[in-house]
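Residue numbers (this note's numbering), protein chains in the order written: chain Y, 1 to 395; chain L, 1 to 202. Worksheet: the structure to be examined is printed underneath.
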Amino acid sequence: MQKLIKNLFDAQRKHFRKGGKLERLYAFFESMETVFFAPARVTQLVPHIRDHLDVKRYMASVVFMLLPLLLFGMYNVGYQAYAAKQLNPGHFWIFWFGFKTVLPLVIVSYVVGFAWEILFSAIRGHEISEGLFVTAMLFPLTLPPTTPLWQAALGISFGVVIGKEVFGGTGRNFLNPALTGRAFLYFAYPSQMSGDAVWTALVNFKAGAVDVVSAATPLVVAAEAKVHGAVEQVLADAGYTFNTLFFGLYPASIGASSAFLCLIAAIVLMILGIASYRIILGDILGILVMGFIVNLTAGESSAAYLSLNPFYHLIIGGAAFGIVFMSTDPVSAPDLHISRWIYGFLVGVLTVVIRVFNPAYPEGIMLAILFMNVFAPLLDHMVISIRLRNRIPNV
Amino acid sequence: MENLISLFVNSVFVGNILLAYFLGMCSYLAVSKNLKTSSGLGVAVIFVMSITTPVNWMVYHYLLAPGALAWAGLPDVDLGYLKLVLFIAVIAGLVQAVEMIIDRYSQALYNSLGVFLPLITVNCAILGASLFMVERQYSFTESVVYGVGSGAGWALAIIAMSTIMQKLRYADVPEGLEGFGIRMIVTGLMAMAFMLFSGITL
Chain Y
1 MQKLIKNLFD AQRKHFRKGG KLERLYAFFE SMETVFFAPA RVTQLVPHIR DHLDVKRYMA
61 SVVFMLLPLL LFGMYNVGYQ AYAAKQLNPG HFWIFWFGFK TVLPLVIVSY VVGFAWEILF
121 SAIRGHEISE GLFVTAMLFP LTLPPTTPLW QAALGISFGV VIGKEVFGGT GRNFLNPALT
181 GRAFLYFAYP SQMSGDAVWT ALVNFKAGAV DVVSAATPLV VAAEAKVHGA VEQVLADAGY
241 TFNTLFFGLY PASIGASSAF LCLIAAIVLM ILGIASYRII LGDILGILVM GFIVNLTAGE
301 SSAAYLSLNP FYHLIIGGAA FGIVFMSTDP VSAPDLHISR WIYGFLVGVL TVVIRVFNPA
361 YPEGIMLAIL FMNVFAPLLD HMVISIRLRN RIPNV
Chain L
1 MENLISLFVN SVFVGNILLA YFLGMCSYLA VSKNLKTSSG LGVAVIFVMS ITTPVNWMVY
61 HYLLAPGALA WAGLPDVDLG YLKLVLFIAV IAGLVQAVEM IIDRYSQALY NSLGVFLPLI
121 TVNCAILGAS LFMVERQYSF TESVVYGVGS GAGWALAIIA MSTIMQKLRY ADVPEGLEGF
181 GIRMIVTGLM AMAFMLFSGI TL
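This is the structure:
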């Protein structure tokens, strides 16, 4: 089998080499070949590191950890759709409906993303960067299940082209491309990206029957809770108990609802050293600390949301997903250990601040990460200059 | 007091004069290449803005506003239409005066601000802050806080921008987008991230 694939690539290689008729698509050929085989190139100068964990395997392990979230998201989309009609047709049909709804979004995201990537690599002569595998998988998971396909295409185009390719491709951008595309869609089409009605895809029994189910997401329920000190109870009354929220069976973005699966992914990625544990722990710490602080400031006159148990902030909405997969993006996060702690901490703090104090956005993690991406280079710079100042001159 | 703190936070983050109102773009785009110069310009803008905004407040409220000349026995005179011209003149004059004073008394600060101090005369963020101050009917203390806050917001934006440009040293920007093009794109993306705060009512 391995031989067969190798022969296939070896036979086609000549067309893509310099002077071949498909010379311009060499980057595409190369990217397909490295899916199966480690690249044969070696670095010209020291240091040489012998490791099979190249960028592609590195990114692939993130995509691998996203797959359970995707599958669970499909099940959840179906579950919410049938629950809205008070039906329970069995696990298979629930999953099948979600599969039908979500798969086109994922396919559109990959096809459009790759089309831009191939176009840029063919014209500009750079390699097809592996970051796209992750970006194109992350992006649909952050969308509401009712997103029209053309909007998904537009969002991933903006994310890939403006968020990444104009800077020269993966590793050179300064914002997370998937989040850039998501935020662009959020501001460009607020009515399809927010509100109560977009989080549940619907099972259509009669063709053409337009039906909207508006189900308030846990974030909205918590924000509108009136009973001081008992927001958890209000959530539970709305059907969002701690367990529901932790395991993720509630209306939300396709793949971002399950804190449980995010936790597993976080542990695996931290052990493998792919996600920075400093950022993840900093995020969690930031959310908890800020959660406790708003708890303390909560008086009888202030909004009941302030008194929400800080641990709930970790499990509702997209916080867990953002922490594990978005804020740890090695390109847009800072590079130094201390600045990673600060960066993570501030992402957590801003997330809670936006959720609690900004009525314009129910979820804060998306813009909090983008905002801290903007300041990541500044954090690095400050840490370096403090270190240089404290260094004992060696004369 | 609470009101002043929220006005400060508001003018630094929520209504950032550069990233929410897009004022002062020209010097921002021209000088954001290098961190040292951009932080110098940022400090100069904070400095000048926190002086010109309250001074313009006094100019407006004792000379230009309808009925402001009552102290001179002219209660019916309304010179409000002169505010644009006079504000520019006040800013230009003040920048010159400030420059001379700093030159005389603090050579170190003068050297570190360098050419940026006179450049600020033509920075529209300074004029913008004065005009906003009139439009929003701030009191004198509020105009001081607003001046400092807007200057700090502007400085924050240009410093963040220059560190991003440092990170983008390795970027491979397509021909035709190099220079101003990519900086406009970066500014747009930064403004999108700053929308984080829009909608917060303090």
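Note that CB positions come from ideal geometry on N, CA and C, so glycine has one too.
Under the Cβ distance rule, residue 358 of chain Y counts among the residues neighbouring chain L, one pair being separated by less than 7 Å. Rounded to whole angstroms, the gap between the alpha carbons of residue 196 of chain Y and residue 144 of chain Y is 11 Å. Interface with chain Y (7 Å Cβ-Cβ cutoff): residue 100 of chain L is excluded. It is roughly 13 Å from the alpha-carbon of residue 38 of chain Y to the alpha-carbon of residue 130 of chain Y.
Residue 89 of chain L and residue 276 of chain Y have their C-alpha atoms roughly 54 Å apart. For residue 239 of chain Y, the closest C-alpha among the options Y/379, Y/218, Y/225 is that of Y/218.
Secondary structure at residue 191 of chain L: helix, using DSSP grouped into helix, strand and coil. A residue is called buried once 16 or more other Cβ atoms fall within 10 Å of its Cβ, and residue 85 of chain Y, having fewer, is exposed.
With the rule of 3 Cβ pairs closer than 8 Å, the segment 309–324 of chain Y counts as touching the segment 350–360 of chain Y. Note that the C-beta distance between residue 164 of chain L and residue 377 of chain Y is below 7 Å.
The C-alpha of residue 265 of chain Y lies about 53 Å from the C-alpha of residue 137 of chain L.
In this structure, DSSP gives residue 66 of chain L a state outside helix and strand, which the three-state scheme calls coil. Of all residues in the segment 159–176 of chain Y, only 162, 163, 165, 166, 167, 168, 169, 171, 172, 173, 174, 175 place a beta-carbon less than 9 Å from a beta-carbon of chain L. Excluding residues up to 5 positions away in sequence, 130 lie with their Cβ nearer than 6 Å to the Cβ of residue 55 of chain Y in the same chain.
Separation of the CB atoms of residue 344 of chain Y and residue 332 of chain Y is rounded to 13 Å, and the pair is thereby denied contact status at 8 Å. In terms of Cα proximity to residue 323 of chain Y, the closest of Y/291, Y/234, Y/282 is Y/282. Close to residue 163 of chain L, with beta-carbon spacing below 7 Å, are these residues of chain Y in chain order: 377, 378, 381.
By the criterion of a C-beta distance shorter than 6 Å, residue 262 of chain Y is surrounded in its chain by 320, 321, 324, once the five residues flanking it on both sides are discounted. If you draw a straight line from the Cα of residue 81 of chain L to the Cα of residue 55 of chain L, it is about 18 Å long. A distance below 7 Å separates the beta carbons of residue 371 of chain Y and residue 193 of chain L. The DSSP-derived three-state label of residue 18 of chain L is coil. About 6 Å separates the beta carbon of residue 225 of chain Y from that of residue 305 of chain Y, a gap short enough to meet the 8 Å contact definition. Proximity of residue 83 of chain L to chain Y, defined by a Cβ-Cβ separation below 7 Å, is not satisfied. C-alpha of residue 194 of chain Y to C-alpha of residue 201 of chain Y: approximately 14 Å in a straight line. DSSP, reduced to helix, strand and coil, places residue 1 of chain L outside both helices and strands of the structure shown, so it counts as coil. A Cβ of chain Y is located within less than 7 Å of the beta carbon of residue 167 of chain L.
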